[in-house]
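Colleague:
Residue numbers (this note's numbering): -2 to 97.
(1) With a 10 Å radius around its C-beta and 16 neighbouring C-beta atoms as the bar for buried, classify residue 38 as buried or exposed.
(2) By DSSP, does residue 0 sit in helix, in strand, or in coil?
(3) For residue 16, which of 0, 29 and 26 has the nearest alpha-carbon?
(4) Express the C-alpha separation of residue 14 and residue 89 in angstroms, rounding to a whole number.
(5) Using beta carbons (cut-off 8 Å, strictly below), is residue 76 in contact with chain C?
(6) How far does the alpha helix (DSSP H) with residue 47 in it extend, from its first residue to its last?
(7) Determine, using beta carbons only, whether residue 41 and residue 21 come nearer to each other than 8 Å.
(8) If we ignore side chains and look at the alpha-carbon of each, how far apart do residue 86 and residue 51 end up?
(9) For residue 72, I'd like the list of residues in its chain whose CB is within less than 6 Å of its CB, leaving aside the five on either flank, ordered along the chain.
Here it is, written out as structure tokens:
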């Protein structure tokens, strides 16, 4: 049995088709959003300017090295204290731009 909602005298709305479409679109967006094509600051090898290369590489190394270690340590402590952690701001999950 289809659920039809009358919007106006001349238009009706099929709820089942709308829900299916919404589920499909959300599923597609979540799938695409889970793909990572790059990491934040991983483009230093593509730069022409040597000063820019050094600067971007410096921040990439710092972010994926010392900062990453600090976040892991802090998350372990928070988890032991029964607090929530938010792993999505870990450097390996951050991209240079949005993907979806």
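For glycine and all other residues, C-beta sits at the position ideal for the given N, C-alpha and C.
Modeller: Inspection of the coordinates gives the following:
(1) The sequence position of residue 38 within the chain shown is 41, counting from 1. Looking at its Cβ environment, which holds 16 or more other Cβ atoms inside 10 Å, residue 38 is buried.
(2) Residue 0 sits at position 3 when you count from the first residue of the chain shown. Taken through DSSP and simplified to helix, strand or coil, residue 0 comes out as coil.
(3) Counting from one through the chain shown, the residue named residue 16 turns up at place 19. Considering only alpha carbons, the answer is 0.
(4) Looking up residue 89 in the chain shown gives position 92. Looking up residue 14 in the chain shown gives position 17. Their backbone Cα atoms lie some 38 Å apart in a straight line.
(5) Looking for chain C here will not work: only one protein chain is present.
(6) Along the chain shown, one-based indexing puts residue 47 at 50. 47 to 59 is the span of the alpha helix (DSSP H), which, as asked, contains residue 47.
(7) Residue numbering aside, residue 41 sits at position 44 when the chain shown is read from its first letter. Residue numbering aside, residue 21 sits at position 24 when the chain shown is read from its first letter. A distance of 8 Å or more separates the beta carbons of residue 41 and residue 21.
(8) Locating residue 86 in the chain shown gives position 89, where the first residue counts as 1. Locating residue 51 in the chain shown gives position 54, where the first residue counts as 1. Each residue's alpha carbon lies about 24 Å from the other.
(9) Looking up residue 72 in the chain shown gives position 75. Within its own chain, the residues whose Cβ lies closer than 6 Å to the Cβ of residue 72, once the five positions on either side in sequence are excluded, are 82, listed in chain order.
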